[in-house]
Amino acid sequence: MDVWMKRLNTAYKSMRIRPRTAMSLIATASVCALLAACASTPTEAFSGTEFNNVEPAFDFQLQNQFGDVSSLADHKDKVVVLTFLYTNCPDVCPIITTQL
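Take the position in the sequence shown, starting the count at 1, then add 50; the result is the number in the numbering used here.
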């Protein structure tokens, strides 16, 4: 019985991975995982609606929270983005505003 145990023990020791080899395998696997995570995915093309024959907006005036009046003509040749959000909304409005 001792003879078999010695042979099994010798065979088992020869099958073990050395610490340096194990660390090399772990490092290689980590680098491969990092590179796979950093790989860029192809971006999709814009799938919005294209507006043809767009007419300029008509001039209008709005009053801001300070009472100042501003017209669209005041911002001629500039990009203008308007939003109408409730200013005292306690829950969703601030979240929506930060995403604009």
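Don't be surprised by glycine CBs; every beta carbon is placed ideally from N, CA and C.
Collapsed DSSP secondary structure at residue i in the structure displayed
i, result
"S74", "helix"
"A89", "coil"
"R68", "coil"
"L84", "helix"
Whole-angstrom C-beta distance between residue j and residue i, which should lie under 8 angstroms
i, j, result
"S121", "Q111", "5 angstroms"
Closest Cα partner of residue i within the set the options
i, options, result
"L135", "T147, A79, T91", "T147"
"V130", "L84, Q115, P106, R57", "P106"
Pair within 7 angstroms by beta-carbon distance, residue i and residue j
i, j, result
"D109", "A87", "no"
"C119", "Q113", "Note that residue 119 is Val in the sequence shown here, rather than Cys. Their beta carbons are under 7 angstroms apart, which means V119 touches Q113 by this criterion."
Would you list, in sequence order, the uninterrupted alpha helix (DSSP H) runs of no fewer than 4 residues that lie entirely inside the stretch 93 to 148? Segments of the alpha helix (DSSP H) lying fully in the stretch 93 to 148: 142 to 148.
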